[in-house]
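Chains A and B, in that order, give the protein sequences. Residue numbering for the first sequence follows the numbering used here, beginning at 9 and increasing consecutively. Residue numbering for the second sequence follows the numbering used here, beginning at 9 and increasing consecutively.
Protein chains: 2
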Amino acid sequence: MSKNVTSIPLSRKLITTLIKKGTAVTEAISLNLKEHGITLQQFNVLRILRGRKGKVASLQDVSKNMIHANSNTTRVIDKLVDKKLVGRVQCPTDRRQIELTITDKGLKLLAILDKKVDDAEASLTENLNETEMSLLIHNLDKI
Amino acid sequence: MSKNVTSIPLSRKLITTLIKKGTAVTEAISLNLKEHGITLQQFNVLRILRGRKGKVASLQDVSKNMIHANSNTTRVIDKLVDKKLVGRVQCPTDRRQIELTITDKGLKLLAILDKKVDDAEASLTENLNETEMSLLIHNLDKI
DNA sequence: CTAATATATTTGTATAAACAATTAATGTAA
DNA sequence: TTACATTAATTGTTTATACAAATATATTAG
Numbered sequence: 009m010s011k012n013v014t015s016i017p018l019s020r021k022l023i024t025t026l027i028k029k030g031t032a033v034t035e036a037i038s039l040n041l042k043e044h045g046i047t048l049q050q051f052n053v054l055r056i057l058r059g060r061k062g063k064v065a066s067l068q069d070v071s072k073n074m075i076h077a078n079s080n081t082t083r084v085i086d087k088l089v090d091k092k093l094v095g096r097v098q099c100p101t102d103r104r105q106i107e108l109t110i111t112d113k114g115l116k117l118l119a120i121l122d123k124k125v126d127d128a129e130a131s132l133t134e135n136l137n138e139t140e141m142s143l144l145i146h147n148l149d150k151i
Numbered sequence: 009m010s011k012n013v014t015s016i017p018l019s020r021k022l023i024t025t026l027i028k029k030g031t032a033v034t035e036a037i038s039l040n041l042k043e044h045g046i047t048l049q050q051f052n053v054l055r056i057l058r059g060r061k062g063k064v065a066s067l068q069d070v071s072k073n074m075i076h077a078n079s080n081t082t083r084v085i086d087k088l089v090d091k092k093l094v095g096r097v098q099c100p101t102d103r104r105q106i107e108l109t110i111t112d113k114g115l116k117l118l119a120i121l122d123k124k125v126d127d128a129e130a131s132l133t134e135n136l137n138e139t140e141m142s143l144l145i146h147n148l149d150k151i
C-alpha cells in the first residue's frame, strides 16, 4: 500500500509538537537547576559521572553521552571544576586524556537536584499513565 | 488507586527521550535551512507571516507564535529584513507598533524551504504510521 | 492639560553554543 | 629513530540566546 499523502501535514504537526514540547520541557527542568547555578548541560555531566560509580571518565566519554556532543565540553567541565563539583586529573598512562570524577560535594548537590528534577519530571508527566508513557517512549524512539 | 512509585524513573526516561529527540529533530530540520542561510527561528517567522495571507502582523504577534517568545525577536527580524524577505513599516495608527509582511522574495524562498522541510519531516517520521503519529501528538500534548 | 502609568519595541550585556583551528601526546611505518 | 598520521583536549571566534534596562509612544487619572 502506498503512503497516504495526508501523512505530510501530520508529520509536520508531529515534528512541530515535538520541538515545542522538547523546548518547553528543557526550560521547565532548567528552571529547577538555575537556582543552584547549574545548567542542564552541567547537570547531565554530573549524572554521567555519578553513573560511573567511582570509575573515572575521559572527556570524550562524557561528551558522547551529552545531549550535545560538542567541542565546548571542556568549558562546561571547567565550570564544574571551578565549583569543586568535579575533579580533573591528567591520565598517567595516556597524557592526552583527562580523568574526570564527581566529588563528594558534587554528589551531595546532585542528590538535592535529583529530588527537584524528579519532582519536576513527575509533575510534567502527571497527565500520562504508565502505559501511555511507555508507548510514548517506544514511539519517540522510532523517530 | 495510588500512583505507582515506579512511575518516577519512567517519567525521567520519557523526559530524557523527549529532550534528546527534540534536539535531534531540531538539528535535522535546521540542517536543511542552513544551506539557504536561514535559521529555524527565521523560518518560523516566515511561516507565521505567510499564514497571515497578506494581513500585517506586529512584532508581538510573531513573538507569541515563535518557539521562543523572547526579546530577541527584533534581531531575528532584522536579519530577514536585511535579506529583503520581510518588510517592516511603522504602524500609522499606533506608532509603537511595527507592521511586518512577507515579501515576494520571502514567499519564493519559503516555497523552496517548505519542500525540503516537508521531505525531512516525512523522512524523520517514516517509521511511524498515521495512527501512531496521531497518538503521539495527542499524548505529547498532555505534557 | 499634565503627570503617571502602561504598552511596544529596541538595545546592552553576559552567557552559551556552533564551528574551525590549534596544541600536545601517542601510534606507526620506513 | 624520525617523519607522518592519528587521537584527545583546548582555544579562538562568530553567532545566538537570556535577561535586564532603556526608549518611544499611547492611555488614563486627576
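By construction, the Cβ of each residue, glycine as well, lies at the ideal position given by its N, Cα and C atoms.
* Mark A:ASP71 as exposed unless 16 or more other C-beta atoms lie within 10 angstroms of its C-beta, in which case mark it buried. => At residue 71 of chain A the sequence reads Ser, which differs from the Asp that was named. A:SER71 is buried by the Cβ-count criterion.
* Interface residues of chain A facing B:ILE145 [CB-CB closer than 7 angstroms] -> At a beta-carbon threshold of 7 angstroms, the residues of chain A lying near B:ILE145 are LYS21, LEU22, THR25, ordered along the chain.
* Compare the beta carbon distance of A:ILE106 and A:ARG96 with 8 angstroms and say whether it is the shorter of the two. => yes
* Asked: What residues in the region 107–118 of chain A have a beta carbon less than 8 angstroms from any beta carbon of chain B?
  -> none
* **Beta-carbon contacts of B:LEU67 that lie in its chain and below 8 angstroms, excluding the five residues immediately before and after** => THR81, THR82, ILE85, GLN105, ILE106, LEU108
* Out of curiosity, what's the CA-to-CA distance linking A:ILE147 and B:ASP102? -> For the record, residue 147 of chain A in the displayed sequence is Asn; it is not Ile. Their backbone Cα atoms lie some 48 angstroms apart in a straight line.
* Work out the CA separation of A:LYS29 and B:ASP64 for me, nearest whole Å. => One detail in the question is off: residue 64 of chain B reads as Val in this sequence, not Asp. Their Cα atoms are separated by approximately 28 angstroms.
* Asked: By Cβ distance, which residues of its chain are closer than 8 angstroms to B:LEU117, with the 5 residues on each side in sequence left out?
  -> Within the same chain, B:LEU117 has close Cβ partners HIS44, ILE46, LEU54, LEU93.
* For B:GLN98: DSSP bridge partner residues -> B:ILE106
* Identify the residues that DSSP records as bridge partners of B:ALA119: which are they? -> The partner list for B:ALA119 (beta bridge, DSSP) is empty, contrary to what the question assumes.
* Asked: Can you name the start and end residues of the alpha helix (DSSP H) that B:HIS146 belongs to?
  -> 138–148
* When the distance is taken between beta carbons, is A:SER19 closer than 8 angstroms to B:MET152? -> The question about residue 152 of chain B has no answer here: the residues shown for chain B are numbered 9 through 151.
* If you count every other CB in all the chains shown that lies within 10 Å of the CB of A:SER10, and 16 or more means buried, which is it? -> With a pLDDT of 45 at A:SER10, under the threshold of 50, the predicted position of this residue should be treated as unreliable, and no value is reported.
* Within chain B, partners of A:GLU129 - CB distance below 7 angstroms -> SER19, ARG20, ILE23
* **Residue burial classification, A:ALA128 (beta-carbon count within 10 angstroms, cutoff 16)** => A:ALA128 should be labelled buried.
* May I ask you to report which of helix, strand or coil DSSP gives B:ALA65? => Strand.
* **Cβ-based contacts, 8 angstroms cut-off: residues of the region 66–78 of chain B near chain A** => Listed by position, the residues of the region 66–78 of chain B near chain A (Cβ gap below 8 angstroms) are ILE75, HIS76.
* **Within chain B, the residues that A:VAL33 reaches when beta carbons sit closer than 9 angstroms** => ILE23, LEU26, ILE27, GLY30, ILE151
* Taking B:HIS112 as the reference, which of B:LYS123, B:LEU57, B:ASP126, B:SER131 has the closest Cα? -> The displayed chain sequence assigns Asp, not His, to residue 112 of chain B. Of the candidates B:LYS123, B:LEU57, B:ASP126, B:SER131, the one whose C-alpha sits nearest the C-alpha of B:ASP112 is B:LEU57.
* **CB contact check: B:SER38 to chain A, cutoff 8 angstroms** => no
* To do: Please list, in chain order, all residues of the same chain as B:LEU132 whose beta carbon is under 7 angstroms from its beta carbon, the five residues on each side excluded.
  => VAL33, ALA36
* Selected residue, minimal CA-CA separation from B:SER38, among B:LEU26, B:ILE27, B:PHE51 -> Checked all of B:LEU26, B:ILE27, B:PHE51; the closest Cα to B:SER38 is B:PHE51.
* Asked: First and last residue of the alpha helix (DSSP H) that includes A:THR81?
  -> 81–90
* Cα-Cα separation between B:ILE145 and A:THR25, rounded to whole angstroms -> 7 angstroms
* For A:ARG58, which of helix, strand or coil comes out of DSSP? -> helix
* Asked: Which residues in chain A sit within 8 angstroms of B:LEU132, going by Cβ to Cβ distance?
  -> SER19, ILE23, ILE151
* Asked: If you draw a straight line from the alpha carbon of A:LYS87 to that of A:PRO100, how long is it in whole angstroms?
  -> 23 angstroms
* Label A:GLN49 either buried or exposed according to how many other C-beta atoms from any shown protein chain fall within 10 Å of its C-beta, with 16 as the threshold for buried. => By the neighbour-count rule (16 or more Cβ atoms within 10 Å), A:GLN49 is buried.
* To do: Determine the closest residue to B:ILE27 out of A:PRO17, A:GLU138, A:LEU22, A:ILE75, with distance taken between C-alpha atoms.
  => Comparing Cα-Cα distances from B:ILE27 to each of A:PRO17, A:GLU138, A:LEU22, A:ILE75, the minimum goes to A:ILE75.
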